[in-house]
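Read the structure below first, then the notes.
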Amino acid sequence: MTAAFDTLNDILDARYSCRGYRTDPVPRDTIQAIVRTAQKVPSWCNAQPWQLTITTGAETDRFREALYAHASENAPVPDLQWPEGYPGIYGDRRRACGFQLYGAVGIEKGDRAAGAKQMLENFRLFGAPHVAIITTPKVLGPYGGVDCGGFVSAFVMAAQSHGVATIPQAAVASQAPFVRDWFDLPEDRDVLCAISFGYPDPDHPANQFRTDRASPDDVIDWRD
Ligand SMILES: Cc1cc2nc3c(=O)[nH]c(=O)nc-3n(C[C@H](O)[C@H](O)[C@H](O)COP(=O)(O)O)c2cc1C
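Read left to right, the sequence shown gives residues 1139 to 1362 (the working numbering).
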C-alpha cells in the first residue's frame, strides 16, 4: 500500500453523513477550494454537467424555514424518478441504516410520528450553515446524473479533507418545483440532489453511528 492510499482511506473513513452541525460558516475560499478539487472527477466527454447553487449566511436560514414549511404540507415532486422499490438486500441495508439513525436519536421501532418528524429535519438541512443544490441538464439524461454523482462523491471527500462535514440529500431534491422557484433555476435542468455542509457537531445524537459496507466479495463477479 502507498501513503496516498492511506491518506485516501483516512479521508473516506472519517467521512459520514452528518446530521448535526455547528452554526459557524465555512469560509468562501474553502468552499471554492472544495469545488475546484471535486471538479477533477471524470465525466462523459468531459461535459462537467454539474451546476451548484450554494447558500451562505441568512439565505440558508430563509431557505430552510421556507422549505421546511413547504415540505411539511406538500408531497414530494422529484425531477428524477424515485426508485420503484428496494428489493432484497437493498431493502435490508436501507432498513439497517434507518434503524441506526432512529436508535441514535432515540426513536422507538414503529413510532411513525417520531420517524416522520426526524425525516422533516432534512428540510431544516440538519442545521447546516450551507446547502449546495446540484443540478444537471435534462438533455444529458441518466449519464448526466452519473457524472454529477461522481462530483458529489468527490465534493464530500474534498470537504472532509478540510474538516467540513456533509450530507447528500435526495430529500431536498424531492421538493424540486419549490427549490426551482426559490432559486430561479432553469427549467431545462433537473434538481439532482442537495449537499448540506458545515463544521460538524460531534456530540449531536444523530452523528453517533456509522454505516456498514458490503465486502468486495459481495460486489465483485470475477471472470478468469
Ligand atoms: C444521492 C444520495 C442521496 C441521499 N439522500 C439522503 C437524504 O435525503 N436524507 C438523509 O438523511 N440521507 C441521505 N443520504 C445519505 C445516505 O443515507 C448515506 O450516505 C448512507 O446511509 C451511508 O451512510 P454514510 O454516508 O454515513 O456513510 C443520501 C446519500 C446519497 C449518496
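All C-beta atoms in this analysis are idealised placements derived from N, C-alpha and C, irrespective of residue type, glycine included.
From a predicted model like this one, the values you see are computed outputs, not experimental measurements.
query: Reference residue 1356; option with closest CA among 1228, 1259, 1300, 1320; result: 1228
query: Residue 1296 classed as buried or exposed, judged by whether at least 16 other C-beta atoms fall within 10 angstroms; result: buried
query: Closest Cα partner of residue 1192 within the set 1165, 1344, 1282, 1215; result: 1165
query: Simplified DSSP state of residue 1208, which is helix, strand or coil; result: helix
query: Nearest to residue 1224 (by Cα), restricted to the options 1216, 1217, 1233; result: 1233
query: Validate contact between the stretch 1297 to 1316 and the stretch 1230 to 1244 using beta carbons, cut 8 Å, 3 pairs; result: no
query: Check: residue 1157 C-beta below 7 Å from any heavy atom of ligand 1; result: yes
query: Proximal residues to residue 1293 (C-beta, below 8 Å), its chain only, five neighbours per side dropped; result: 1172, 1173, 1176, 1270, 1304, 1333
query: Helix, strand or coil at residue 1230 according to DSSP, with G and I counted as helix; result: helix
query: Among 1288, 1280, 1323, nearest to residue 1219 - alpha-carbon criterion; result: 1280
query: Of the listed residues 1283, 1274, 1209, 1216, nearest to residue 1255 (C-alpha basis); result: 1209
query: Alpha carbon of residue 1360 to alpha carbon of residue 1265, nearest angstrom; result: 44 Å
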